[in-house]
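For the sequence shown, the numbering used here begins at 2 and goes up steadily by one. Reading through the structure tokens given below for one structure.
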Amino acid sequence: MGKSHKKQHYVPASYLKAWCDPDRPATHEPYVWVFERDGTSRHRRAPHKLFTETDMYTIETADGGRDLCIEATLSMLEDRFTRMRISKFNHKRPLTPEEHVYLCTFVAAAQFRTAASRNHHASQWQNVLKIADDLAAKVKSATAEQRESMARISELSSGEGQSFTHEQVRELAAKPLQKMMAPVLRTTVPILLRMDLAIYSTSDETGFITSDRPCTWFDPEAYKMPPFFRSPALGSETIEVTMPISPQQCLCLNWQGYAGYLDASKLLLDEFNRRHRFHCKNQYVVRNDLKNDYWFYEQEIPDDAREKRHTGASAK
């Protein structure tokens with residue numbers, strides 16, 4: 002494929018176009034307002050110039066070529082989403098079963114494909130790789146008797162779960178998106194399809210904001226759990242998967258029965274924007290030059306949080 006498609010978006014330009022400032026000068030290239038995470042600075046930027054990296058999804062072939070199958074698949078999903086936004090969401094029309102599948106695949110990909118996700122998974126696999134490297138070094142310097150002992154331990158500890166070779170771990174640490182994209186989508190999409198789909202709408206001038214991590218997994222009840230179990234999980238009955246569709250709409254996948262096209266109250270709009278601002282890695286995107294102080298509001302630990310319950314019990 003030569004050097005085509007080297008600059009690849011981890012947040013689609015076609016997705017971001019919905020946030021272009023409607024009041025921009027007619028002679029100016031369409032732009033969105035990009036704010037730093039802490040809100041201290043902002044600038045105008047064309048969507049096609051935002052959130053890109055070189056060969057982020059490109060697979061290097063054995064002969065030194067560039068396999069763009071992931072980039073092509075993501076582009077197809079982006080096109081499907083854009084069509085749905087224009088023909089269905091903008092008119093509050095129901096999705097077909099096929100469109101529902103494409104939407105959930107787009108949402109799952111949006112959550113996994115970002116630079117922040119890539120860096121997180123690379124870090125996790127780097128930890129595993131270090132263990133594998135250390136073990137390989139010990140095996141190399143071990144005596145025959147020690148190697149035999151290690152082999153027996155390995156046989157006893159091996160279960161029926163998936164295992165990886167040293168080289169596979171090295172590849173996962175180096176290219177987590179390329180290696181994990183397909184299995185992550187195969188696992189995530191069927192779950193999203195079973196969840197209730199609500200589309201919240203607003204007529205607010207600013208509307209919903211988005212970011213460099215546009216899809217958010219958030220469990221509003223997680224604070225009641227021990228810290229180790231607070232990571233959002235799709236199996237939790239209180240999990241909410243939210244992703245702004247445009248400044249006028251935000252989808253919410255949930256297990257609580259909220260479904261269809263619903264009006265977003267001012268409180269819900271502010272809360273979703275606050276959530277998405279907190280969840281962004283470095284930058285968030287607004288359709289106009291506006292910053293809402295509520296997006297930066299940090300709530301105190303609720304009285305029914307596990308920390309306070311246990312502190313209170315200890316004090317008695």
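We put the CB at the ideal spot given by N, CA and C, even for glycine.
So who's on the other strand from Arg119, going by DSSP bridges?
-> Indexing the sequence shown from 1 puts residue 119 at position 118. For Arg119, which the question treats as bridged, DSSP gives no partner whatsoever.
Could you say which of Pro227, Val129, Ala265 and Trp20 lies nearest to Leu291 if we only look at CA atoms?
-> Numbered from its first residue, the sequence shown carries residue 291 at position 290. Closest option to Leu291, judged by alpha-carbon separation, among Pro227, Val129, Ala265 and Trp20: Trp20.
Proximity of Val129 and Val185 at Cβ, strictly below 8 Å | By 1-based counting over the sequence shown, the position of residue 129 is 128. By 1-based counting over the sequence shown, the position of residue 185 is 184. Taking 8 Å as the Cβ cut-off, Val129 and Val185 do not qualify as a contacting pair.
For Val190, name the three-state secondary structure that DSSP assigns.
-> Working through the sequence shown from its first residue, we reach residue 190 at position 189. In this structure, Val190 counts as helix in the three-state DSSP scheme.
Measure the C-alpha to C-alpha separation of Met181 and Pro245 and round it to an integer number of angstroms.
-> Position 180 of the sequence shown, counted from the start, is the residue given in the question as residue 181. Position 244 of the sequence shown, counted from the start, is the residue given in the question as residue 245. In a straight line, the C-alpha of Met181 is about 25 Å away from that of Pro245.
May I ask you to list the residues that DSSP assigns as paired with Gly261?
-> To locate residue 261, count along the sequence shown from 1; it is residue 260. Bridge partners of Gly261: Ala199.
6 Å Cβ shell around Glu238 - same chain, five flanking residues per side excluded | Position 237 of the sequence shown, counted from the start, is the residue given in the question as residue 238. Excluding sequence neighbours, Glu238 sits near Trp256.
Span separating the alpha-carbon of Ala306 from that of Pro221 | Here residue 306 corresponds to residue number 305 of the sequence shown, with the count starting at 1. Here residue 221 corresponds to residue number 220 of the sequence shown, with the count starting at 1. Looking at the two C-alpha atoms, the distance is approximately 11 Å.
Find the nearest neighbour of Phe90 within the set Tyr262, Leu268, Gln300 and His280, judged by alpha-carbon distance.
-> Looking up residue 90 in the sequence shown gives position 89. Distance check between Phe90 and each of Tyr262, Leu268, Gln300 and His280 places Tyr262 closest, using alpha-carbon atoms only.
Proximity winner among Trp296, Glu99 and Gly40, relative to Gly208 (alpha-carbon distances) | By 1-based counting over the sequence shown, the position of residue 208 is 207. The residue with the shortest Cα to Cα distance from Gly208 is Trp296.
Between Thr115 and Tyr11, which are expected to be in contact by the criterion C-beta below 8 Å, what is the C-beta distance as a whole number of angstroms?
-> For this step, residue 115 is matched to residue 114 along the sequence shown. For this step, residue 11 is matched to residue 10 along the sequence shown. Indeed, because the Cβ distance is near 5 Å, the residues count as touching under 8 Å.
The alpha helix (DSSP H) enclosing Met77, as first and last residue numbers | As a first step, residue 77 is located in the sequence shown; it is residue number 76 there, counting from the start. Its alpha helix (DSSP H) spans residues Cys70 to Ser88.
Cβ-based neighbour list, Thr59, same chain, cut-off 8 Å, excluding 5 preceding and 5 following | Position 58 of the sequence shown holds residue 59. His6, Lys7, Gln9, Arg67, Asp68, Leu69, Ile71, Glu72 and Gln179, listed in sequence order.
For Leu198, the nearest candidate out of Ala14, Phe279 and Glu241 (CA to CA) = Position 197 of the sequence shown, counted from the start, is the residue given in the question as residue 198. Nearest option by C-alpha distance: Glu241.
Which one of Glu272, Pro227 and Ile210 has the shortest CA to CA distance from Asp22?
-> The count along the sequence shown starts at 1 and reaches residue 22 at position 21. Of the candidates Glu272, Pro227 and Ile210, the one whose C-alpha sits nearest the C-alpha of Asp22 is Ile210.
Determine the contact status of Tyr103 and Leu75, defining contact as a CB-CB distance below 8 Å.
-> As a working note, residue 103 is residue 102 in the sequence shown. As a working note, residue 75 is residue 74 in the sequence shown. With respect to the 8 Å criterion, Tyr103 and Leu75 are not classified as neighbours on the basis of their beta carbons.
Determine the extent of the alpha helix (DSSP H) in which Val102 is found, giving its start and end residues.
-> Locating residue 102 in the sequence shown gives position 101, where the first residue counts as 1. Run containing Val102: Pro98 to Phe113, per the alpha helix (DSSP H) assignment.
Among Glu272, Pro233 and Thr217, which has the Cα closest to the Cα of Tyr224?
-> Residue mapping note: residue 224 aligns to position 223 of the sequence shown, counting from 1. That would be Pro233, whose Cα lies nearest to the Cα of Tyr224.
Could you name each continuous beta strand (DSSP E) segment of 3 residues or more that falls completely within the stretch 122 to 146, going from the start of the chain to the end?
-> none
Report buried or exposed for Leu268, applying the criterion of at least 16 other Cβ atoms within 10 angstroms of its Cβ.
-> Within the sequence shown, residue 268 is the residue found at index 267, counting from 1. Looking at its Cβ environment, which holds fewer than 16 other Cβ atoms inside 10 Å, Leu268 is exposed.
May I ask you to report which of helix, strand or coil DSSP gives Pro248?
-> Start at 1 with the first residue of the sequence shown, and residue 248 comes out as number 247. Reduced to three states, the DSSP call for Pro248 is coil.
In terms of DSSP beta bridges, what is Tyr285 paired with?
-> Taking the first residue of the sequence shown as 1, we reach residue 285 at position 284. DSSP lists Phe36 and Ser212 as partners of Tyr285.
With distances taken Cα to Cα, identify the nearest neighbour of Ile302 among Ser247, Lys282, Ala14 and Met226.
-> Numbered from its first residue, the sequence shown carries residue 302 at position 301. The shortest Cα separation from Ile302 among Ser247, Lys282, Ala14 and Met226 belongs to Met226.
Neighbourhood of Thr53 by C-beta distance below 8 Å, restricted to the same chain and skipping five residues each side | Here residue 53 refers to the residue found at position 52 of the sequence shown. So the qualifying residues of the chain are Lys8, Gln9, His10 and Tyr11.
Spatial neighbours of Lys18 in its chain, beta-carbon cut-off 6 Å, leaving aside the 5 residues before and after = As a first step, residue 18 must be located in the sequence shown, where it is residue number 17. Same-chain partners within the cutoff: Pro48.
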